[in-house]
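Structure record follows, encoded as structure tokens.
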Amino acid sequence: MKRYLSYIYLGLFLTLLLPGLRAQNMGITVSGGLASQSMDDMKYLQEYILGTYPVEGKITSSFPPFATASINLMKQGFAYLHFGGGYTYSTTGGKSSYADPTGSIITEMDLSSHRLGAFLTYTIWEREHIDIALNGRVDLNLTTVEISSGVNVLGLINRIYNQYRSLGPSVSGGLECMYKFENLAVGILGGYLVDIPGDLSKTDGDDPLTDPNDSERVLTANWTGWHVGIKTRFWLNY
Amino acid sequence: MRKAFLFLTLLSLLMMSACYFVDKEIYEVDPVAGDPAIVTVVSNLDTLPQAPVGDSLEVFYSVNMENGELFFMEALLSDEILYTSDSIEGSFYVYPFQSAGIDSLFLDFYHSSNTNTLADKIGYEARITSRSYAIDFGEEAGK
């Protein structure tokens, strides 16, 4: 996985060295919104855990579309080209539970994605205040999965907590529409991310998170899905 | 420039609350209790009113559970546990030095409550069916 990261940074570094680009503006983009995720394995694991309850529990949330945010350094390249790199964070989770007057069982799964990568934005349509651009991005994705289960029966409490992580590349593409002010632009964006998730393993001990019904199969957390949001862009050296 | 950074800071603060996935909903259930277990206890003391201990007295018990599960049973004499078992039938001895005169022997059977609660399902909640028998330890015997 270090190789992917090296490629990303080498590409970014070489692009920044292009002679025609040095005098161009630097900027910051900040975006936030909602992202959906496939999370097939995590939904499967959640169903399995629910099936181990001695009572009939219920899944109250199963990895719904949730928050994503990104902050990037950007440089204006050729006339219609912006490029840069930065950090993206996404999160989602799942919960199943059961409670009656004698006690409760609660299982929570919290997932976070930390992506570091580079992007290119190509403007396909531009007017005085509005531009529409295509956006492509490559990231290295570090996923953390925290699974906690708590059983409380007549005041006797037993808790289990495990943390897993995986590393893998992801690519995304999308469209953005920005309304430009003097040195600031705000707009909306949407796109699709394709994640190539790595195998989940325990953070302490590297034990893989295997399928409870097939010990040969290691589970993954797949962030593939749509995202929509709002975006702001600031030019720094105006 | 300053306004831009102010806007950026406010936007970041607004987005902070979305940094962690939170679901506060808990699926709450009011379980419907099932029919209570029907417990039938048979002992050799059933037909021996004030059974004399003599040198020793062997006590047999057998419990039949319908619609329930026996967790364990205890035999108590003057609040002291004489015998415990998780078997549906068994026997134990009572000796004259364990009490004096007429005393009560309790056989307590702990079994499933059938309330269908979480505590019931994992065996943390029990209903007790108790039987008591008068035992004659004799005038001379004593603790």
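If you read the sequences in order, they're chains A and B.
Its first residue numbered 375, the first sequence is counted upward by one per residue in the numbering used here.
Its first residue numbered 931, the second sequence is counted upward by one per residue in the numbering used here.
C-beta: ideal position from N, C-alpha, C; glycine also.
Annotation: the segment 1002–1069 of chain B contains the following complete segments of the alpha helix (DSSP H) (minimum length 4 residues), in chain order: 1048–1051.
Any Cβ of chain A closer than 8 Å to the Cβ of residue 961(B) would place that residue at the interface, and such an atom is present. Considering only 583(A), 439(A), 476(A), 545(A), the residue with the shortest C-alpha distance to residue 566(A) is 545(A). Check the Cα spacing between residue 1034(B) and each of 1052(B), 1016(B), 985(B), 1061(B): the tightest is with 1061(B). CA-to-CA, the gap between residue 476(A) and residue 956(B) works out to about 14 Å.
Taking 7 Å as the cut-off between beta carbons, the residues of the segment 408–428 of chain A near chain B are 428, in sequence order. Less than 8 Å separates the beta-carbon of residue 593(A) from that of residue 585(A).
Counting of Cβ neighbours within 10 angstroms places residue 1064(B) among the exposed residues, the total staying below 16. Fewer than three Cβ pairs drawn from the segment 978–985 of chain B and the segment 502–512 of chain A lie within less than 8 Å of each other, which leaves the two stretches out of contact. Look at the beta carbons and you see the segment 450–457 of chain A touching the segment 485–496 of chain A: at least three pairs across the two are nearer than 8 Å. By the neighbour-count definition (other C-beta atoms within 10 Å, threshold 16), residue 990(B) is an exposed residue.
Contacts with chain B at 8 Å (Cβ-Cβ) do not include residue 538(A). Counting along the chain, residue 419(A) sits inside the alpha helix (DSSP H) bounded by residues 414–425. Three or more beta-carbon pairs separated by less than 8 Å are not found between the segment 1016–1025 of chain B and the segment 1050–1058 of chain B, which leaves the two stretches without contact. Non-local C-beta neighbours of residue 504(A) in its own chain, meaning closer than 6 Å and more than five positions away in sequence, comprise 553, ordered along the chain.
Per the coordinates, the alpha-carbon of residue 996(B) lies some 33 Å from the alpha-carbon of residue 524(A). Its Cα nearest to that of residue 507(A), the residue 559(A) stands out among 466(A), 540(A), 528(A), 559(A). Look at the segment 481–508 of chain A: the residues with a C-beta under 7 Å from a C-beta of chain B are 484.
Identification of chain A residues near residue 951(B) by a Cβ-Cβ cut-off of 7 Å yields 440, 465, 466, 467, 484, ordered along the chain. Under a criterion of Cβ atoms nearer than 8 Å, the residues of chain B adjacent to residue 528(A) are, in order, 1049, 1054, 1055.
Counting only residues of its own chain and dropping the five nearest sequence neighbours on each side, residue 440(A) has a CB closer than 6 Å to the CB of 465, 466. Distance from residue 462(A) to residue 444(A) at the Cβ level is roughly 4 Å; contact confirmed, criterion being Cβ atoms closer than 8 Å. When the beta-carbon positions are compared, residue 411(A) and residue 599(A) come within less than 8 Å of each other. The distance from the Cβ of residue 402(A) to that of residue 610(A) is about 7 Å, consistent with a contact at the 8 Å cut-off. At the C-beta level, residue 1025(B) and residue 973(B) stay beyond 8 Å of one another. Scanning chain B for C-beta atoms nearer than 8 Å to the C-beta of residue 479(A) yields 1048, reported in chain order.
Nearest neighbour of residue 581(A) by Cα position, chosen from 571(A), 540(A), 606(A), turns out to be 540(A). Listed along chain A are 434, 469, 471, 472, 473, 478, 480, each with a C-beta nearer than 9 Å to that of residue 956(B). Within the segment 446–486 of chain A, no alpha helix (DSSP H) run of at least 4 residues lies entirely inside it.
Residue 528(A) and residue 423(A) have their C-alpha atoms spaced approximately 22 Å apart. Residues of the same chain with a CB within less than 7 Å of the CB of residue 516(A), apart from the 5 flanking positions on each side, are 488, 539, 541 in chain order. In this structure, residue 603(A) lies away from residue 459(A), with their beta-carbon atoms at least 8 Å apart.
Here residue 974(B) carries a helix assignment [DSSP, helix/strand/coil].
Cβ neighbours of residue 577(A) within its own chain (closer than 6 Å, five residues either side excluded): 537, 539.
The continuous beta strand (DSSP E) containing residue 537(A) extends over residues 530–554.
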